[in-house]
Amino acid sequence: MGVPRFFRWLASRYPTINESLEGEHEFDNFYLDMNGIIHSCTHANDEELVALDEVEMFSRIFAYTERLYRIVRPRRLLYLAVDGVAPRAKMNQQRSRRFRSAKEAERLMAEAIERGEEVGYDESVGPRFDSNCITPGTAFMYRLSRAFKEWIEHKLRNDVAWKTGCDVIFSGPEVPGEGEHKIMEFIRELRAKREPDELPLRHCMYGLDADLIMLGLVTHEPYFTLLREKVLVRASSQESLGVAFRLAPRKPGGSRGAPTSSSPAAGERALAAARMGLPGAPPPEQDWDEFHLLHVGRLRDELLREVSYRPRGDPPIHLDLERVVDDFVFMCVLVGNDFLPHLPHLDISDGAVMLMLQAYRELLPQMGGYLTARHRVHPQRLEMFLARIGEEEVPYFERRGIEGQVAEYRDRYLYRVHYYRTKMGIEVTSADGEERLRKEVIQAYVEGLHWVLQYYHNGCPSWTWFYPHYFAPLCSDLRRLAEYRVRFMKGRPFRPLTQLLGVLPPESSAELPQPYRQLMLDAASPVRDFYPSEFEVDPNGKRNAWEAVVLLPFIDERRLLSAVNAIDPDIELTVEERLRDTIGQHTVFEARSGTYYDEPVAFRSVDWSKVPLASEQRAAFPKTLAELEATTPTKTTTAAKVPTNAASRSPPRTSSTPSRAGRAAPQRHGMDAPTRPRPSWAARAASRGPVLRDSVPSVTPRRGPHSAGAPGEAVDSGGTRRVPRAPSQPSSSSSSSRPPPGESSSRARRPPTYRSSSSSSSSSSSPCRTPRRPPTSRPSSPPPPPPEAPAD
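Just so we're aligned, residue 1 is where the sequence shown starts under the UniProt record's numbering, counting upward by one.
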């Protein structure tokens, strides 16, 4: 979800960042955050959709994926990422959203019955679709992941446009991590291994979440574009919570009382669903009127222009674009995200972003430098910045008081006492209360700022950390920040079924295996209190009900794991349920070679089986500028990069070559003649440039007591292995360049955007090998990579 209304503010403030899809646009890599597509194709605001069977739902998902692929037509790589198990900081937001949706659906049903309206569900149509099944570990997502791999294999074998196109990487729900962050980790890998004489790739990413804009900015890629549907947001789409029941007249063969979404994303999903293969959908060549491109590079330029503006008579200021972009992303963290609540007086609807930009522009010459250095925060400068924007705290509460909220607490001291007493149960009138505020609330919030920045820039710093409060502290209380020390436990992700226990409400207990369902519903369960039937919702001064804060009890990880460990999976779970509970791998499909196989999880730089439960990664909050700059990684030089000569690389690994010690070779599945020797992905990477980290060994399925997040897990071979299909005739080099039927030959034979004079045809088709500049066409000043932490 990201920052509410953030895209609307950006589009109105900087209209030049949006561009119509009409015209010729070239992209090397295309990334799809699939969860938005899955939701739209299964339960958008259309009653016809909720009565679909699973096969029809899958068909719609594949049809829309195919449509987006044909619109963008990437040259090198198509990356499909489905949300896996999220970090604990994200699970709290997932849990509150699912509980609220279930409770709102129950309330609307009860009100309809009181009014005497006919409600219910026609069981003859089929089982009612529960949108909470779109969560890693459910049977629905397990079947969707397997179907997705089979569909990609089918397209690469039978569709000319796919066979002669780019490679495909599918990261399913069995691979831990949010979809967009798995994509970002992959892009960081490409950037880190790009050589100085290589041109940057042109990236395109599909998705509607505002978080994608932030992530696009922190990549510091000059050519990064977001593909979005043109969405008209209506006020009525935000008037109710989560999932509601449509009480429309019953259609023949249809259903009444089926759940539909009326959250802020409902209008977006409804508009998208109308284009997913339904009757009357326009052909691909007419998609120009339905999509637009958001150019992150243009947004970078607009932000620099905004911050560089000086009143007449003031001396000009010279700024580092990359540092300004990082500071802007950090400021947006204060407005709210999926991991931290926003500061109480910062609301985009009240001009919070412009308030911060103006304060930043005025303070930048006085601060002597920038707020952040990549994922680190400068404490003294942050204090100056927070003090300036905190001056608007009292006027904000006064305006809210005029509107009928806390009118009797307009005095600065009284509203502070009232805020902490009602929101957190802390009496700041006593010394003990002030100490508790400092040690529990402010300490956790400072940790959260570091966690989010590291998550955006470097990947997840801790799978177990979360902010243990419903509200943020007041901006005026964020002082003496250099005294706070930040410590993170790296930890491990939950196992999928344990994660389901952490996010699903009792109304969705059918998505759990029977032993897990008993933990949720049995009155004698040791974790029964995690699933209350009634809970409070705090409006928190918001205008829209969907922005209210759900006051659910936080999950105690130790208690949850202790309860789950009592389940014996070998006895109490079926084979499919055990497969649903495994941590999987990316699946790589090579279009031209006709093979696909599983790669160890790419964004993992550690072997989970070797991570101690109590290991800690300690990072002290820097006190001074010198300490901050000294602890920031310096820019990587050419000598420090991965060597590219053949002698320095690891020997290529093929299907007949034994795997390196301690690691099993990835599973390979044939789509062409199975007897033809094919190079492995590692061999291709060694010859054309490394792509994915291959540092996590595959291990055998676990045995013994079930443990959420237990070490040493990998996909069971029965979960993803494919039986070799009938051999197909390999296409010749001449036929591979033949354009697909109905398309012009100029489009199919058009050379890549950047072609090296020494590149071979096989290397030019690599999804991750960036072409080098020809010596004769190398520009005099190539665009340098962004500085890691230049001196102020």
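We treat Cβ as the ideally placed atom computed from N, Cα and C, and that holds for glycine.
Just so it is clear, the structure is predicted and the values come from calculations on it, not from any experiment.
Residues near residue i in its chain [Cβ-Cβ closer than 7 angstroms; skip 5 each side]
| i | result |
| --- | --- |
| F62 | W151 |
| E393 | H345, L474, C475, S476 |
| Q94 | A86, V503 |
| G390 | C475, S476 |
| L449 | V333, V377 |
| L304 | L319, L321, V324 |
Nearest residue (CA-CA) to residue i, options the options
| i | options | result |
| --- | --- | --- |
| A548 | Y14, D556, P539, V446 | P539 |
| F339 | V325, Y470, A147 | Y470 |
| K79 | V329, I187, F530 | Position check: residue 79 holds Tyr in this sequence, whereas Lys was assumed. Closest by alpha carbon: I187. |
| P461 | A472, L501, E447 | E447 |
| T422 | L551, M384, E174 | L551 |
| E56 | S96, I71, L561, L144 | L144 |
| N29 | R202, M214, Y445 | R202 |
| V218 | N544, Y516, F330, Y142 | F330 |
| R399 | D350, K163, F140, R559 | D350 |
| A11 | L371, E302, E577 | E302 |
| L294 | L319, M205, E362, Q443 | M205 |
| H457 | L215, T582, D581, E195 | L215 |
| V575 | Y142, D83, R558 | Y142 |
| E104 | V486, G541, F535 | F535 |
| R76 | G116, Y31, D83 | Y31 |
For residue i, the three-state DSSP class (helix, strand or coil)
| i | result |
| --- | --- |
| A110 | helix |
| Y445 | helix |
| N29 | strand |
| D167 | strand |
| A614 | Low local confidence applies: a pLDDT of 32 at A614 is under 50, so the model's placement there is unreliable, with the coordinate-based value given in what follows. Correct three-state label for A614: coil. |
| E104 | helix |
| S20 | strand |
| L226 | strand |
| H292 | strand |
| I389 | helix |
| W451 | helix |
| D581 | coil |
| Y467 | coil |
| V417 | helix |
| N92 | helix |
| N132 | helix |
| P515 | helix |
| D522 | coil |
| K542 | coil |
| A472 | coil |
| W608 | Bear in mind that a pLDDT of 36 at W608, under 50, signals an unreliable position, so the number given afterwards is only what the model happens to contain. Three-state DSSP puts W608 in a helix. |
| A482 | helix |
heavy atom of the ligand ATP below 7 angstroms from residue i C-beta
| i | result |
| --- | --- |
| N18 | The ligand ATP is not among the ligands present in this structure, which contains no ligands whatsoever. |
Neighbourhood of residue i by C-beta, 6 angstroms cutoff - its chain only, sequence neighbours within 5 removed
| i | result |
| --- | --- |
| T636 | With a pLDDT of 34 at T636, under the threshold of 50, the modelled position of that residue is not reliable, and the figure given next carries that caveat. The answer is none, since no qualifying residue turns up. |
| L299 | I17 |
| D581 | R495, P496, L497 |
| P532 | none |
Residue range of the alpha helix (DSSP H) that includes residue i
| i | result |
| --- | --- |
| Y14 | Here Y14 belongs to no alpha helix (DSSP H), and DSSP marks it neither H nor E. |
| E536 | Looking at the DSSP string, E536 is not in any alpha helix (DSSP H); the run it does join, the beta strand (DSSP E), is 536 to 538. |
| L303 | 296 to 308 |
| T65 | 54 to 72 |
| R487 | Where R487 is concerned, there is no enclosing alpha helix (DSSP H), although the beta strand (DSSP E) it sits in stretches over 486 to 488. |
| F140 | 139 to 158 |
| P569 | 569 to 572 |
| V503 | 496 to 503 |
| E440 | Segment: none, E440 is in no alpha helix (DSSP H) and carries neither H nor E. |
| E221 | Neither: E221 is in no alpha helix (DSSP H) and is coded neither H nor E. |
| S562 | 557 to 565 |
| S40 | 34 to 43 |
Residue i, enclosing beta strand (DSSP E) - first and last residue
| i | result |
| --- | --- |
| L551 | 549 to 551 |
| Y79 | 77 to 81 |
| E590 | 586 to 590 |
| V428 | No beta strand (DSSP E) holds V428; DSSP gives it neither H nor E. |
Min CB distance residue i to chain D below 8 angstroms
| i | result |
| --- | --- |
| V175 | The structure shown contains no chain D; it is built from a single protein chain. |
Cβ-based neighbour list, residue i, same chain, cut-off 8 angstroms, excluding 5 preceding and 5 following
| i | result |
| --- | --- |
| I317 | S308, R310, L364, P365 |
| A591 | L156, W162, K163, T164, G165, C166, D167, V168, S765 |
Margin query: Runs of 4 residues minimum, wholly inside the region 171 to 214: which ones carry the alpha helix (DSSP H) assignment?
Written below: As summarised for the region 171 to 214, the continuous alpha helix (DSSP H) elements at least 4 residues long and confined to that stretch are 179 to 192, given in chain order.
Item checked: In chain order, each alpha helix (DSSP H) run of at least 4 residues that lies wholly inside the region 308 to 383 -> Runs of the alpha helix (DSSP H) inside the region 308 to 383: 321 to 334, 352 to 367.
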